[in-house]
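Engineer:
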RNA sequence: GCGGGUGUGGCGGAAUUGGUAGACGCGCUGGUUUUAGGUACCAGUGACUUCGGUCGUGAAGGUUCAAGUCCUUUCACCCGCACCA
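Numbering (our numbering), first residue to last: 751 to 1604.
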């Protein structure tokens, strides 16, 4: 028997597809289009299992839709700007451009070895001027359209390296390389006005019907629309007042303090007068800029000594604190604290011994005795201790307070968003230069269009800390485009989310001089199916949605939503291993000894098995896809990726699972190479005499096509695989010599080949050829099915007594209750369970269940 | 802290609208062929059992003739949080 030679076959088919340009497409208006896109990778060096899963999913969809007659656009490119290239440059002294290009070359080869159906003629890399030139133009158009502006904003600052740090570079409040305490520092940066679209982005989420609910909810929460009040608190002994945003103005009578952010103008002003306060502010600024760090830090405050008047009671004053949990970015950067009904405020009040006055009590509670302990009362209730609000519910109270505050000119209704404008300036080298020139006389000048692109210089050095663009000898020195006097280029670059916010559009016309060719973009967009990691649920996807709107406003394209369908895949997990010293071990370094215990391959020392976790370099629980592909082939890897877990769930990588996939592929091959039933002639008519058993298999073929099509449409890929396996089990088990069997076997095998083609394209082509076909599977349409063969004429119905299963009966389909009772009541097990008791009721659900209640 | 998600045999997972829990695969057990081998094939495989049955979908309640599925409470784990991509 000839074993299936995957190595030879896979590279041969990959070459065939490429040589024949099988996946290159053009706009064809009379064909239905389908744009399937996987999130393009950052060229980190080698592909990892997450990529393999992502691209296998995309390829399956692309090939399936092609078989169903769509004109499928399926491109691939490289998200090539980013921090790792700079880190590599510093660590290994390789220029980022070179490092990136090498990685792209390696990863392109790796992707090709997976047999993915990409139109490589559309490949792009975001680090090439040919790509980023267009986004510089877009940015200038955004400024023109009022969608981009400059303002001061906070960054993580490493005082030792004199450099800005990313959140991931801040480890426990210290710089990852220097170990210096990180500070917050203010810089002037560019922002895109995503908040201008806050309502539109929020409302349109409803229309994204083919997006997972959880992503939609996450985006809704991220935008965080809240209706509330901006309330004025008059400062005592001062002219000015404090403005506070709140969604719970109804709890104003329970206010016991006000707190402002350490970065609030008032805090800064007071900090100049008090050294102690300045120290406290500095301490807050060491917390880092991430929301998680701020919210989880212990609540701390500093009493400014100032007080404000309660808007409803002149005689009542509240102390004003500077607090580390108040964010300047949200609302007005100031809050009023109502400890009884907000846990953070309560923690704070207990710490600083501030009064806790309950103003909402549960319906059945006694207003006089109701107290709040260490848990804030945040549920629905009735107002107490609240003057004119007493007795009202929260929802009733809100408009009453709002009217009152507005009447007193002490507050206004306001809608606030958690969403902040998108800061796009990065103090980094390896990114797209921001096309701006700063002139002492003329100010901030856009680079004139005829001077675009502003190219990133390649001759840079990382010898000194900070941004290489800043210390490049000549790059930043230019003449002002307006007055001609010496000026300086902006040395910041764009956030790399900038590139990924429009690449899906560039793929439609990857070589167009104008960037986005209107006709091409109109034809292909939106992306019909976008596939990628759940980790991008908010930022990348929200930025892209905003960017598309901005591009629409500037006349680049005519769609509002870039991605009509979205599928988010789960992560790849693997068991973890540690040696006796607690050091992590690669799966390769672990073997089973004779006793069946896990030991290190090298020394035989015992190994501790940890639970399966997301594959990560730090825990070494990684498997290199390249090794898997060379050992088992791309089809095996692809099959395994689709077999067990549904796409949106985490997937456990196991050696045994891969072996199972590999065995199945060999079995498929054997079913053509050494079939149990002889394979009927190609194109022969169906013989008239087909035995009952064989007819059953024939039905199975049609039922499988129906079920698999349905599963693929719903992205239930693991179920589709299971159903195909069931059909192959049936075909393999036929083992008959009749003419009818041979005909059904060929029909079945041809169907199997077509069904597996999107999953295991190489062996599908190979089998197709072995079945005597001269064309390619990728050119054949998806199989159809005969409706009349889908329904069985008998069904198995469960028989229960008092809801407990007691047996099953085979009944003609759609038979009536009397017929079912006839058989069901005679079952031994049923008779026994009834035990002579009176039958009170019989419930019958046709074709499903017969339940006898006694 | 806030937000989101997951939980079913030894394991990954199936299970239309509430209607035969465990499809398909992995692993394991026994057997056959005798394969140099991780191959192939057949049978079995939720737990307990006095072999009559009984119990089983993270836990505890509830609704129902009937609950993995609906409701309430609760536990555990995972992910995101704006300069990683």
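For every residue, glycine included, the Cβ atom is placed at its ideal position computed from N, Cα and C.
Values in this document were obtained by computation on a predicted structure and should not be read as measured data.
Counting only the same chain and skipping the five closest in sequence on each side, list residues whose C-beta sits under 6 Å from that of residue 1563.
Structural biologist: Taking the first residue of the first chain as 1, we reach residue 1563 at position 813. So the qualifying residues of the chain are 1543 and 1545.
Engineer: Decide if residue 1046 is buried, meaning its Cβ has at least 16 other Cβ atoms within 10 Å, or exposed.
Structural biologist: By one-based count along the first chain, residue 1046 stands at place 296. Under this definition residue 1046 is an exposed residue.
Engineer: DSSP state of residue 1179, grouped into three classes?
Structural biologist: Within the first chain, the letter at position 429 stands for residue 1179. In the structure shown, residue 1179 sits in coil (DSSP, three-state: anything other than H, G, I, E or B).
Engineer: If I'm right that residue 1605 touches residue 1218 with Cβ under 8 Å, what's the distance once you round it to whole angstroms?
Structural biologist: What the structure shows of the chain is the stretch from 751 to 1604, and residue 1605 is not part of that stretch, so it cannot be assessed.
Engineer: Taking the beta carbon of residue 899 as the centre, do at least 16 other beta carbons fall within 10 Å, making it buried, or is it exposed?
Structural biologist: By 1-based counting over the first chain, the position of residue 899 is 149. So residue 899 ends up on the exposed side.
Engineer: Kindly indicate which residue of 1489, 1495 and 1471 has the alpha-carbon position closest to the one of residue 1481.
Structural biologist: Sequence index remark: in the first chain, residue 1481 carries index 731 (1-based). That would be 1495, whose Cα lies nearest to the Cα of residue 1481.
Engineer: Would you say residue 1186 and residue 1194 are within 7 Å of each other, going by their C-beta atoms?
Structural biologist: Taking the first residue of the first chain as position 1, residue 1186 is located at position 436. Taking the first residue of the first chain as position 1, residue 1194 is located at position 444. In contact: residue 1186 and residue 1194 (Cβ atoms closer than 7 Å).
Engineer: Near residue 1534, which residues of its chain fall below 6 Å by C-beta distance, leaving aside the five closest residues on each side in sequence?
Structural biologist: Walking along the first chain from the start, residue 1534 turns up at place 784. Correct list: empty, nothing qualifies.
Engineer: Quick one: is residue 1319 buried, meaning 16 or more other Cβ sit within 10 Å of its Cβ, or exposed?
Structural biologist: Residue mapping note: residue 1319 aligns to position 569 of the first chain, counting from 1. Result: buried.
Engineer: Flag residue 1042 as yes when its Cβ comes closer than 6 Å to any non-hydrogen atom of the ligand SAM, and as no otherwise.
Structural biologist: Ligands displayed in this structure: none; no statement on the ligand SAM is therefore possible.
Engineer: Counting pairs of Cβ atoms below 8 Å between the region 1170-1181 and the region 935-944, do you hit three or more?
Structural biologist: They touch, by the three-pair rule.
Engineer: Where in the region 1142-1201 do unbroken runs of the alpha helix (DSSP H), each at least 4 residues long, occur, reported from the N-terminal end onward?
Structural biologist: Complete alpha helix (DSSP H) runs here, min 4: 1144-1157.
Engineer: Do you know whose CA, among 1566, 819 and 864, lies nearest residue 1384's CA?
Structural biologist: As a working mapping, residue 1384 is identified with position 634 in the first chain. Answer by Cα proximity: 864.
Engineer: Between which two residues does the alpha helix (DSSP H) harbouring residue 906 extend?
Structural biologist: Taking the first chain and counting its residues from 1, the one referred to as residue 906 is at position 156. No alpha helix (DSSP H) contains residue 906, which is instead part of the beta strand (DSSP E) from 898-908.
Engineer: Please look up how many angstroms separate the CB atoms of residue 1315 and residue 813, rounded, as I've assumed it's under 8 Å.
Structural biologist: One-based indexing of the first chain puts residue 1315 at position 565. One-based indexing of the first chain puts residue 813 at position 63. Actually they do not touch by this definition, with Cβ atoms about 17 Å apart.
Engineer: Does DSSP classify residue 1603 as helix, strand or coil?
Structural biologist: For the purposes of this step, residue 1603 is taken as the residue at position 853 of the first chain. Three-state result, residue 1603: strand.
Engineer: Between the region 909-922 and the region 946-961, do three or more beta carbon pairs fall short of 8 Å?
Structural biologist: With the cut-off at 8 Å, the region 909-922 and the region 946-961 do not touch.
Engineer: Which of the three DSSP states is assigned to residue 940 in this structure?
Structural biologist: By one-based count along the first chain, residue 940 stands at place 190. Strand at residue 940.
Engineer: Between the Cα of residue 1011 and the Cα atoms of 1003, 1033, 1251 and 1023, which residue gives the shortest distance?
Structural biologist: Taking the first residue of the first chain as 1, we reach residue 1011 at position 261. When each option's Cα is compared against that of residue 1011, the closest is 1033.
Engineer: According to DSSP, is residue 766 helix, strand or coil?
Structural biologist: One-based indexing of the first chain puts residue 766 at position 16. It is helical.
Engineer: Pick helix, strand or coil for residue 800, following the three-state DSSP scheme.
Structural biologist: The count along the first chain starts at 1 and reaches residue 800 at position 50. Note: residue 800 maps to helix in three-state DSSP.
Engineer: Hey, would you say residue 1561 sits closer than 7 Å to residue 1568, going by beta carbons?
Structural biologist: Stepping through the first chain from its first residue, residue 1561 is reached at position 811. Stepping through the first chain from its first residue, residue 1568 is reached at position 818. Not closer than 7 Å, so no.
Engineer: In the DSSP output, what is residue 1531 paired with across the bridge?
Structural biologist: Taking the first chain and counting its residues from 1, the one referred to as residue 1531 is at position 781. In the DSSP output, where bridge partners are listed per residue, residue 1531 has none listed.
Engineer: Where residue 1264 and residue 1209 are concerned, what is the direct C-alpha to C-alpha distance, given to the nearest angstrom?
Structural biologist: Counting from one through the first chain, the residue named residue 1264 turns up at place 514. Counting from one through the first chain, the residue named residue 1209 turns up at place 459. In a straight line, the C-alpha of residue 1264 is about 28 Å away from that of residue 1209.
Engineer: Any idea if residue 1128 is buried or exposed, counting beta-carbon neighbours within 10 angstroms, 16 or more meaning buried?
Structural biologist: If you number the first chain from 1, residue 1128 lands on position 378. By the 10 Å Cβ count, residue 1128 comes out exposed.
Engineer: Taking the alpha-carbon positions, what's the residue 1298 to residue 1554 distance?
Structural biologist: Walking along the first chain from the start, residue 1298 turns up at place 548. Walking along the first chain from the start, residue 1554 turns up at place 804. Computed Cα separation, rounded: 57 Å.
Engineer: Mark residue 1088 as exposed unless 16 or more other C-beta atoms lie within 10 angstroms of its C-beta, in which case mark it buried.
Structural biologist: For the purposes of this step, residue 1088 is taken as residue 338 along the first chain, with counting starting at 1. By the 10 Å Cβ count, residue 1088 comes out buried.
Engineer: According to DSSP, is residue 822 part of a helix, a strand, or is it coil?
Structural biologist: As a position in the first chain, residue 822 is number 72, starting the count at 1. Of the three classes helix, strand and coil, the one that applies to residue 822 here is strand, per DSSP.
Engineer: Report the rounded CA-to-CA distance for residue 1341 versus residue 1284, giving the unit in angstroms.
Structural biologist: Here the question's residue 1341 lines up with position 591 in the first chain. Here the question's residue 1284 lines up with position 534 in the first chain. So the two alpha carbons sit approximately 33 Å from each other.
Engineer: So, with DSSP's three-state summary, where would you put residue 757?
Structural biologist: In the first chain, residue 757 corresponds to position 7, counting from 1. In this structure, residue 757 counts as helix in the three-state DSSP scheme.
Engineer: Taking all protein chains shown into account, decide if residue 1038 is buried (16 or more other Cβ within 10 angstroms of its Cβ) or exposed.
Structural biologist: As a working note, residue 1038 is residue 288 in the first chain. That one is buried.
Engineer: Short of 6 Å in beta carbon distance, which residues of its chain neighbour residue 1457, apart from the five on each side in sequence? Order them along the chain.
Structural biologist: Within the first chain, the letter at position 707 stands for residue 1457. Answer for residue 1457: 1473, listed in chain order.
Engineer: Just list the beta strand (DSSP E) runs in the region 947-983, keeping only unbroken ones of 3 residues or longer that don't cross its boundaries, in chain order.
Structural biologist: Fully enclosed beta strand (DSSP E) runs of 3 or longer: not present.
Engineer: Residue 1063 to residue 1002, Cα distance in whole Å?
Structural biologist: Stepping through the first chain from its first residue, residue 1063 is reached at position 313. Stepping through the first chain from its first residue, residue 1002 is reached at position 252. Their backbone Cα atoms lie some 11 Å apart in a straight line.
Engineer: Put residue 1342 into one of helix, strand or coil per three-state DSSP.
Structural biologist: In the first chain, residue 1342 corresponds to position 592, counting from 1. Strand, per DSSP.
Engineer: Can you give the Cα-Cα distance for residue 772 and residue 1460, rounded to whole angstroms?
Structural biologist: Here residue 772 refers to the residue found at position 22 when the first chain is read from its first residue. Here residue 1460 refers to the residue found at position 710 when the first chain is read from its first residue. The straight-line gap from Cα to Cα measures roughly 26 Å.
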